[in-house]
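Chemist: Residue numbers (our numbering): 20 to 396.
Ideal Cβ placement from N, Cα and C applies to all residues, glycine included.
Starting off with a structure, shown below.
As structure tokens, then:
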């Protein structure tokens with residue numbers, strides 16, 4: 020009987036994946052035609068890496084594919100927080116869509132992100148309640164849980180929004196993260212969460228093909244896509260950490276917070292480095308520039324697909340390393356520290372390889388050392 024149930028669960032996970040692929044594949048061509056008819060393009064510019072105007076509301080297809088897939092495939096499974104997840108995702112989608120079409124001020128978009136995050140944390144109870152020894156913390160108060168969970172959701176949302184600058188990068192990283200999260204959810208017995216992850220994988224896989232390999236049918240996901248992806252990955256990250264704490268499965272992962280960080284190491288390290296450098300230079304952390312990892316890699320070589328593949332390879336390497344070390348029983352703080360340090364070193368390497376940026380780097384290092392020493396003298 021248990022084997023039969025496992026097979027049924029697997030079929031529903033596969034159904035979510037296949038539906039996502041089919042629905043997005045069907046939805047994209049008419050969306051592209053609408054973009055050309057209404058001139059909804061991502062135009063070229065100083066900070067843009069593409070050379071011609073490209074349709075930019077691919078997030079519409081991703082949203083449609085995900086919501087329909089999960090609505091059908093999750094039927095019959097108890098998933099109390101699903102309605103709050105869908106509500107938060109819907110808010111992010113429409114905020115992103117409006118920004119793609121009309122443009123929204125950064126602070127207004129951030130306010131809407133906070134509202135969506137509050138729905139998840141307060142109503143959906145999507146919270147980190149136990150840090151599992153990270154920073155010496157175990158079970159925390161509701162206030163600490165609330166603040167840290169809200170912060171994590173906002174960081175993940177914006178990190179995916181910021182790495183969406185190269186063909187296939189944001190969708191590729193999100194696919195890797197969702198496959199890892201979804202596979203663990205399935206083998207640990209949390210089928211409803213696995214369905215959510217694989218509905219996203221299917222939707223993104225179809226989009227990835229158009230985004231990376233499309234010629235006449237190429238399109239970008241836009242903010243409607245990156246914000247949708249970001250909030251879904253944030254939910255999966257928190258649930259991965261929380262469910263590992265209570266899981267009785269033999270597949271429970273030691274040092275889950277550190278492993279979760281390794282899964283999202285590309286967007287998280289990138290946003291942390293960028294914000295630090297901007298503040299160090301006396302600029303707003305929200306001010307735009309071309310100093311992201313993908314910008315640096317593109318300046319070293321111009322092939323989008325190669326940049327995406329290199330970044331995904333690095334991501335998979337860190338995930339594999341973290342999973343292996345966690346199974347060896349490595350302390351969560353040591354593992355987290357190793358991932359962060361090596362992550363910063365490896366992901367900062369492309370910057371040091373740019374000859375025309377050496378002087379800027381030296382100035383930044385000087386300012387960093389000056390800031391650190393001022394704390395002690």
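#1: If we call anything under 8 Å between Cβ atoms a contact, is residue 362 one with residue 293?
#2: What three-state label does DSSP hand residue 261 in the structure shown?
#3: Would residue 256 be called buried (16 or more neighbouring beta carbons within 10 Å of its own) or exposed?
#4: Please specify which runs of the alpha helix (DSSP H), each continuous and at least 4 residues long, are wholly inside the stretch 73 to 99, giving them in chain order.
#5: Determine the direct distance from the alpha carbon of residue 280 to that of residue 344, and round the result to whole angstroms.
#6: Let's test the definition: count the other Cβ atoms within 10 Å of the Cβ of residue 93 and tell me whether it reaches 16, buried, or not, exposed.
#7: Would residue 266 and residue 179 be called neighbours here (beta carbons separated by less than 8 Å)?
#8: What separation, rounded to the nearest whole angstrom, lies between the Cα atoms of residue 26 and residue 209?
#9: What is the DSSP secondary structure of residue 65, reduced to helix, strand or coil?
#10: Assign residue 99 to buried or exposed, taking buried as 16 or more other Cβ atoms, counted over all protein chains shown, within 10 Å of its Cβ.
#11: Mind listing, in chain order, the continuous alpha helix (DSSP H) runs of no fewer than 4 residues lying wholly within the stretch 268 to 293?
#12: Report the three-state DSSP secondary structure of residue 149 (helix, strand or coil).
#13: By alpha-carbon positions, which one of 353, 366, 45 and 237 ends up nearest to residue 72?
#14: Run the CB neighbour count on residue 212, radius 10 Å, all protein chains shown included, and call it buried at 16 or more, exposed below.
#15: Identify the continuous alpha helix (DSSP H) that holds residue 221 and give its terminal residues.
#16: Between which residues of its own chain and residue 110 is the CB-CB distance below 7 Å, once the five residues before and five after are set aside?
#17: Could you pull out every residue in the same chain whose Cβ sits closer than 7 Å to the Cβ of residue 65, ignoring the five residues on either side in sequence?
#18: Thinking just about the alpha-carbon of each residue, which of 84, 360 and 29 is nearest to the one in residue 219?
#19: How is residue 239 classed by DSSP in three states: helix, strand or coil?
#20: My understanding is that residue 232 touches residue 77, with C-beta atoms under 8 Å, so please give their C-beta distance in whole angstroms.
#21: Tell me where the alpha helix (DSSP H) around residue 417 begins and ends.
#22: Mind checking residue 170: buried by the 16 CB within 10 Å criterion, or exposed?
#23: May I have the straight-line CA-CA distance separating residue 125 from residue 81, to the nearest angstrom?
#24: Can you tell me whether residue 55 is buried or exposed, with buried defined as 16 or more other CB within 10 angstroms of its CB?
#25: Who does residue 60 pair with in a DSSP beta bridge?
#26: Tell me, please, whether the stretch 200 to 208 touches the stretch 263 to 278 by the rule of three or more beta-carbon pairs shorter than 8 Å.
#27: If I measure Cβ to Cβ from residue 69 and keep anything under 6 Å in the same chain, skipping five residues before and after, which residues do I get?
#28: Would the beta-carbon of residue 1 fall within 8 Å of that of residue 174?
#29: Taking the alpha helix (DSSP H) that residue 266 belongs to, which residues open and close that run?
#30: Could you tell me which of 140, 300 and 41 sits nearest to residue 103, measuring between CA atoms?
#31: Whole angstroms is fine: what's the gap from residue 249's alpha carbon to residue 187's?
#32: Is the beta carbon of residue 39 less than 8 Å from the beta carbon of residue 222?
Modeler: Reading from the atomic positions:
#1: On the chain shown, residue 362 is found 343 positions in, with the first residue counted as 1. On the chain shown, residue 293 is found 274 positions in, with the first residue counted as 1. It is not a contact, given that the beta carbons lie outside the stated cut-off.
#2: Indexing the chain shown from 1 puts residue 261 at position 242. Reduced to three states, the DSSP call for residue 261 is helix.
#3: Numbered from its first residue, the chain shown carries residue 256 at position 237. Classification for residue 256: buried.
#4: 78 to 92
#5: Here residue 344 is taken as the residue at index 325 of the chain shown, counted from 1. Here residue 280 is taken as the residue at index 261 of the chain shown, counted from 1. Looking at the two C-alpha atoms, the distance is approximately 14 Å.
#6: Residue mapping note: residue 93 aligns to position 74 of the chain shown, counting from 1. Residue 93 comes out buried.
#7: Residue mapping note: residue 266 aligns to position 247 of the chain shown, counting from 1. Residue mapping note: residue 179 aligns to position 160 of the chain shown, counting from 1. For residue 266 and residue 179, no; Cβs fall outside 8 Å.
#8: For the purposes of this step, residue 26 is identified with residue 7 of the chain shown, where counting begins at 1. For the purposes of this step, residue 209 is identified with residue 190 of the chain shown, where counting begins at 1. So the alpha carbons of these two residues sit roughly 14 Å apart.
#9: If you number the chain shown from 1, residue 65 lands on position 46. Below a pLDDT of 50, predicted positions are generally treated as unreliable, and residue 65, at 49, falls in that range; no measurement from the model is reported.
#10: Mapped onto the chain shown, residue 99 falls at position 80. The residue is exposed, with fewer than 16 neighbouring Cβ atoms inside 10 Å.
#11: 275 to 282
#12: As a working mapping, residue 149 is identified with position 130 in the chain shown. Reduced to three states, the DSSP call for residue 149 is strand.
#13: Counting from one through the chain shown, the residue named residue 72 turns up at place 53. When each option's Cα is compared against that of residue 72, the closest is 237.
#14: Numbered from 1 along the chain shown, position 193 holds the residue referred to as residue 212. Looking at its Cβ environment, which holds 16 or more other Cβ atoms inside 10 Å, residue 212 is buried.
#15: Residue 221 sits at position 202 when you count from the first residue of the chain shown. It spans 210 to 232 - the alpha helix (DSSP H) in which residue 221 sits, taken as one unbroken run.
#16: On the chain shown, residue 110 is found 91 positions in, with the first residue counted as 1. Only 131, 134 and 135 meet the Cβ criterion.
#17: Translated into the one-based positions of the chain shown, residue 65 becomes position 46. Here the model assigns residue 65 a pLDDT of 49, short of 50, so the residue's position is not dependable, and the following value carries that caveat. Contacts found: none.
#18: In the chain shown, counting from the first residue as 1, residue 219 sits at position 200. The shortest C-alpha separation from residue 219 is found at 84.
#19: In the chain shown, residue 239 corresponds to position 220, counting from 1. Three-state DSSP puts residue 239 in coil, outside helix and strand.
#20: To locate residue 232, count along the chain shown from 1; it is residue 213. To locate residue 77, count along the chain shown from 1; it is residue 58. Their Cβ separation, rounded to whole angstroms, is 14 Å, which puts residue 232 and residue 77 out of contact at 8 Å.
#21: The displayed coordinates of the chain run from 20 to 396. Any statement about residue 417 would go beyond what the structure contains.
#22: Looking up residue 170 in the chain shown gives position 151. Label assigned to residue 170: exposed.
#23: Start at 1 with the first residue of the chain shown, and residue 125 comes out as number 106. Start at 1 with the first residue of the chain shown, and residue 81 comes out as number 62. Going from the Cα of residue 125 to the Cα of residue 81 covers about 23 Å.
#24: The count along the chain shown starts at 1 and reaches residue 55 at position 36. Under this definition residue 55 is an exposed residue.
#25: Here residue 60 corresponds to residue number 41 of the chain shown, with the count starting at 1. Partner(s): 74.
#26: yes
#27: The sequence position of residue 69 within the chain shown is 50, counting from 1. Note that residue 69 scores a pLDDT of 49, beneath 50, so its modelled location is shaky; the value from the coordinates is reported in the next line. Nothing listed; no residue qualifies.
#28: Given a span of 20 to 396 for the chain in the structure shown, any question on residue 1 remains unanswerable.
#29: Indexing the chain shown from 1 puts residue 266 at position 247. Element bounds for residue 266: n/a, residue is neither H nor E.
#30: As a first step, residue 103 is located in the chain shown; it is residue number 84 there, counting from the start. Per the Cα distances, 140.
#31: Counting from one through the chain shown, the residue named residue 249 turns up at place 230. Counting from one through the chain shown, the residue named residue 187 turns up at place 168. Looking at the two C-alpha atoms, the distance is approximately 15 Å.
#32: Taking the first residue of the chain shown as position 1, residue 39 is located at position 20. Taking the first residue of the chain shown as position 1, residue 222 is located at position 203. Yes. Within cutoff.
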